[in-house]
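As C-alpha cells, the structure follows; a few thoughts come after it.
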Amino acid sequence: MKLLLFDIDGTLLVSNGAGRRAMNKSLSSMMGIDTITLKGIDFGGRTDQQIIFDILMANGMSTEEAKDALPDALDAYIAAFTNAFEPHFVTALEGAVELVKTLADYEHIQLALLTGNVEKTAYIKVDAIGLNGYFPFGAFGNDFSERSMLPQLAVDRALEFNGHSYKEKDIVIIGDTKHDILCGKALNVFSVAVSTGHYKSGDLSQYDPDILMDDLSNMDKFIELVV
Ligand SMILES: [Mg+2]
C-alpha cells in the first residue's frame, strides 16, 4: 500500500500568476493601498498562510498586526481567487494528468494532495485540468503555516479515509521545490522531485530526494521506481 501525495503548482500544473493576481487584488483592497509590493516574497513551495503573512509585513504591518489580519486576509484571498478564476488560467504540466489517471487504477495506491494552497483553491486548480475526483483528501495551506506539519496530517487523514496506516517509504511526496523534499524528512518518506517548477534539477539534487525527474511524462519510469 502506498500513499502518493502530490504538490500542485509547478508539479501538476502552472497557474500563470492567478494566485498572485488574487493576492494583489484582495490584499491591496484590504490594506487600502493601490498596489501592494510583492517584491522579495518567496512563493515557491510555501503555504498560502506564510506567503500572505509575508506580504502583509512587506506592506507595512507589524508582526502582531499581520497575525491578527491573517484570517481575514486568507478569506479575502480565497474570495478574490474564486471570483476571478477561469479554467484557462491553469495549464497542466507534461504527463501529469495521464500519470494521475493511470495511478488511480492501481488498487494499492491512494492518491491525495499535499500543497501550500488552501483547500478551496487547491481543488479549483486540479479540477481545471480534469482531475476532479482523483484526490479525495489532502493536507493544505490553511491547515498549517509550516509545510513540515502537512505530511503527518495527510497520513492521519489517510487513516481516517481508508483505514490504512502508512509509514516511511510507503508515503511518497511528489513536488517541485526544496520544501517538498524537506517537509517529509522527519517521517522518512520517499520523495520524488520534479524540475518543472522554478527549481532546476541541480538545485533540487542537493536536498537529496529519492528520485529526481525532469517532469512527469516518463510514466514507465515513474511506475517502475515509485510504484
Ligand atoms: Mg510546487
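Take the sequence shown: its position 187, counted from the start at 1, is 949 in my numbering, and no numbers get skipped.
Backbone N, C-alpha and C fix where the C-beta goes; we use that ideal spot for every residue, glycine too.
Determine whether the beta carbon atoms of residue i and residue j lie at a separation below 8 angstroms.
| i | j | result |
| --- | --- | --- |
| Asp769 | Ile936 | yes |
| Thr883 | Phe843 | yes |
| Thr809 | Gly903 | yes |
| Lys940 | Tyr961 | yes |
| Asp905 | Gly807 | no |
| Leu912 | Ala920 | no |
| Gln998 | Leu836 | This structure does not reach residue 998, given that the chain is present from 763 up to 989, and the question cannot be answered. |
| Ala916 | Leu767 | yes |
| Leu875 | Phe847 | no |
| Met763 | Glu860 | no |
| Val989 | Tyr868 | yes |
Alpha carbon to alpha carbon, what distance is there between residue j and residue i?
| i | j | result |
| --- | --- | --- |
| Ala866 | Asn845 | 31 angstroms |
| Cys945 | Leu818 | 25 angstroms |
| Phe923 | Phe899 | 8 angstroms |
| Ser967 | Gln914 | 24 angstroms |
| Asp965 | Asp976 | 12 angstroms |
| Arg783 | Pro849 | 15 angstroms |
| Ser788 | Asp804 | 18 angstroms |
| Thr877 | Ser927 | 21 angstroms |
| Glu826 | Phe815 | 11 angstroms |
| Leu765 | Leu873 | 6 angstroms |
| Arg909 | Ile891 | 24 angstroms |
| Asn879 | Ser790 | 20 angstroms |
| Ile973 | Thr864 | 19 angstroms |
| Asp889 | Gly779 | 17 angstroms |
| Ile985 | Gly781 | 31 angstroms |
| Asp834 | Ala828 | 10 angstroms |
Can you tell me whether DSSP reads residue i as helix, strand or coil?
| i | result |
| --- | --- |
| Ser953 | strand |
| Leu832 | helix |
| Thr883 | helix |
| Phe768 | strand |
| Val852 | coil |
| Val989 | coil |
| Met763 | coil |
| Ala874 | strand |
| Ala846 | helix |
| Met792 | helix |
| Ile891 | coil |
| Ile1067 | In the structure as shown, the chain begins at 763 and stops at 989. Residue 1067 is therefore absent and cannot be evaluated. |
| Gly964 | helix |
| Asn933 | Residue identity differs from the one stated: residue 933 is Ile in this sequence, not Asn. Ile933: strand per DSSP, three-state reduction. |
| Ala866 | coil |
| Ile840 | helix |
| Gly900 | strand |
Quick one, which of the options has its alpha-carbon nearest residue i's?
| i | options | result |
| --- | --- | --- |
| Ser824 | Met793, Phe805 and Gly802 | Met793 |
| Gly895 | Val862, Val880 and Gly878 | Val862 |
| Glu881 | Leu987, Tyr961 and Tyr839 | Tyr839 |
| Ser979 | Leu767, Thr773 and Met763 | Thr773 |
| Leu775 | Ser963, Ser957 and Asn786 | Ser957 |
| Leu832 | Ser907, Leu765, Glu860 and Glu869 | Ser907 |
| Asn821 | Asp938, Gly802 and Met763 | Gly802 |
| Gly925 | His870, Asp972 and Ala890 | His870 |
| Met785 | Ala841, Lys829 and Ala828 | Ala841 |
| task | Taking 8 angstroms as the threshold, find out whether the stretch 843-858 comes into contact with the stretch 795-808 through three or more Cβ pairs. | result | no
| query | Between the stretch 945-957 and the stretch 921-937, are three or more C-beta pairs nearer than 8 angstroms? | reply | yes
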